[in-house]
Amino acid sequence: MQGGNQENITGKLILILGPSGSGKGTLIRYIKANYPNYLFPVSCTTRPPRPREVDGEIYYFITKEEFKEKIEQDKFLEWAIVHEENYYGTLKSEILDPLKQGKTVFREVDVQGVESIKKIIPAKNLRTIFVTTESWQDLEKRITGRSDVAPTELEHRHKSFEKEIRFKDQCDFIIVNRQGKLNATKRELNRILNKIEKTSSTNL
Numbered sequence: 213m214q215g216g217n218q219e220n221i222t223g224k225l226i227l228i229l230g231p232s233g234s235g236k237g238t239l240i241r242y243i244k245a246n247y248p249n250y251l252f253p254v255s256c257t258t259r260p261p262r263p264r265e266v267d268g269e270i271y272y273f274i275t276k277e278e279f280k281e282k283i284e285q286d287k288f289l290e291w292a293i294v295h296e297e298n299y300y301g302t303l304k305s306e307i308l309d310p311l312k313q314g315k316t317v318f319r320e321v322d323v324q325g326v327e328s329i330k331k332i333i334p335a336k337n338l339r340t341i342f343v344t345t346e347s348w349q350d351l352e353k354r355i356t357g358r359s360d361v362a363p364t365e366l367e368h369r370h371k372s373f374e375k376e377i378r379f380k381d382q383c384d385f386i387i388v389n390r391q392g393k394l395n396a397t398k399r400e401l402n403r404i405l406n407k408i409e410k411t412s413s414t415n416l
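Start counting the sequence shown at 213; every next residue gets the next number (the working numbering).
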């Protein structure tokens with residue numbers, strides 16, 4: 213694993229990734245409520261907000277024009293186009309500053325974002341957690357069950373799932389979020405985070 217050249221980083225960056233609909237949002241809300249020492253950078257996206265999402269809480273919802281302007285200004289630590297449509301990105305100031313202060317930063321990211329971050333953040337300061345469902349069929353039920361999804365959107369999701377699932381074995385930890393087993397998923401997440409916390413940044 214290639215690490216970055218940010219030698220003055222003393223904190224830890226924990227990345228959570230996986231297919232859309234696998235339950236990452238639920239786990240992030242759980243972590244926010246139970247790990248007050250973690251910092252959660254706010255990401256930028258051009259996708260429209262989902263029900264109950266508030267601008268500036270998890271995402272800054274901006275236009276594609278605004279996003280492209282930030283790209284030109286080199287404001288992003290990483291950015292990517294997801295589902296062949298929407299832009300997602302993390303501002304450098306949201307992650308690098310707290311890491312240099314020795315803090316633990318927790319971030320949801322896509323596969324493309326992980327590759328970009330690995331080029332900047334030293335491997336010893338970085339850990340990745342992949343969250344997935346038992347199968348595409350299970351994920352499809354979750355996606356179609358929470359809202360109406362157009363066939364073209366579902367096909368985009370399926371293609372993304374096939375691409376992302378191939379990346380899971382490159383991650384440090386894998387969580388299978390089984391339907392109806394959320395408490396078990398939370399216990400596994402706690403086990404992983406406790407293991408990361410017990411490992412010093414010099415040995416990560």
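Virtual Cβ for every residue (Gly too), placed ideally from N, Cα, C.
Output needed for residue i: all residues of its chain with C-beta closer than 7 Å, excluding positions within five of it in sequence on either side, in chain order.
i, result
"I243", "Y250 and F318"
"R259", "N298"
"D350", "Q391"
Spatial neighbours of residue i within its chain, please: C-beta separation below 6 Å, excluding the five flanking residues on both sides.
i, result
"Q324", "A292"
"F379", "V323"
"V294", "Y300 and D322"
"I329", "E290"
What do you reckon, is the C-beta of residue i under 7 Å from a heavy atom of the ligand HEM?
i, result
"R354", "As for the ligand HEM, it is missing from this structure, which has no ligand bound."
Could you tell me which residues DSSP pairs with residue i in its beta bridges?
i, result
"C423", "Coverage of the chain is limited to positions 213 through 416, which leaves residue 423 absent and any answer about it impossible."
"D267", "Y271"
"T316", "K224 and Y250"
"R339", "I226"
"V388", "T344"
"A292", "Y300"
Sort the options by Cα distance to residue i and report the nearest one.
i, options, result
"L313", "T411, N220 and I408", "First, the amino acid is wrong: residue 313 is Gln here, not Leu. Nearest C-alpha to Q313: N220."
"R262", "E277, G233 and K393", "G233"
"T340", "V266, E346 and E327", "E327"
"F288", "D267, H295, I226 and V254", "V254"
"G235", "F342, N402 and E365", "F342"
"H368", "W348, D309 and E277", "W348"
"T316", "E277, D267, N389 and L225", "L225"
Three or more C-beta pairs closer than 8 Å, one from the region 271–291 and one from the region 336–351: is that the case here?
-> no
Any contact of the region 360–373 with the region 381–388, i.e. 3+ C-beta pairs under 8 Å?
-> no
Do the region 392–403 and the region 350–361 meet, that is, are 3 or more Cβ pairs less than 8 Å apart?
-> no
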